[in-house]
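**Q**
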Amino acid sequence: MATLDSDISRDVISDQEHHGSGAIHVITGPMFSGKSTSLLRRIKSEINAGRSVAMVKSSKDTRYAKDSVVTHDGIGFPCWTLPDLMSFPHIFGHDAYAKVKVFGLLDVIGVDEAQFFGDLYEFCCKVADDDGKTVIVAGLDGDYLRCLILWF
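Using this note's numbering, read the sequence shown as starting at 117 and increasing by one per residue.
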């Protein structure tokens, strides 16, 4: 079963979490709280540790760039823009994703603006539990009415 980690300040990931089954890490907070910045910091930490990374965001996020996750400070990272998360293997390429799954060529998937994905729970469980990936998810913790957003 995947683990759930909601510690927003944690930037260093122990190697122990990357063996065996996958993991789900959650970065949550209100608007302008640094969620995307924290996500990019975590992704860069994973790359520096030698892990392969893919980043995705919702096609509903059209604020700064279509094919990048961009922070409010203007720092960007290339990504796939998806209407839903379960389309990731299709967009990535079914053959490529199958090879990635079999040969372990993709270790980490970052998800920005997670609140826009209705299939977030299903996707995270599948790639963490079935595919052994680490998923780092960033998104809002509530809506404009201050109602809590429950992802999991």
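All C-beta atoms, glycine included, are put in the ideal place defined by N, C-alpha and C.
#1: Who are V169's beta bridge partners in DSSP?
#2: Please list, in chain order, all residues of the same chain as Y260 whose beta carbon is under 7 Å from its beta carbon, the five residues on each side excluded.
#3: In whole angstroms, what separates the C-alpha of A170 from that of R262?
#4: Can you give me the C-alpha to C-alpha distance between L201 and D235, rounded to a whole angstrom?
#5: Considering only C-alpha positions, which residue in the set T178, G248, T153 and S152 is nearest to L221?
#6: Based on DSSP bridge pairs, tell me the residues matched to V186.
#7: Kindly indicate the opening and closing residues of the beta strand (DSSP E) around T153.
**A** Quick answer:
#1: Along the sequence shown, one-based indexing puts residue 169 at 53. Looking at the DSSP assignment, V169 forms a beta bridge with V224.
#2: One-based indexing of the sequence shown puts residue 260 at position 144. Excluding residues within five positions, none has a Cβ falling inside 7 Å.
#3: Stepping through the sequence shown from its first residue, residue 170 is reached at position 54. Stepping through the sequence shown from its first residue, residue 262 is reached at position 146. Within the model, the alpha-carbon separation for A170 versus R262 is close to 31 Å.
#4: Indexing the sequence shown from 1 puts residue 201 at position 85. Indexing the sequence shown from 1 puts residue 235 at position 119. Computed Cα separation, rounded: 6 Å.
#5: Translated into the one-based positions of the sequence shown, residue 221 becomes position 105. That would be G248, whose Cα lies nearest to the Cα of L221.
#6: Sequence index remark: in the sequence shown, residue 186 carries index 70 (1-based). V186 is bridged to G192.
#7: Reading the sequence shown from its first residue, position 37 is the one you call residue 153. Taken as a continuous stretch (DSSP letters only), T153 belongs to no beta strand (DSSP E), being part of the alpha helix (DSSP H) at K151 to N164.
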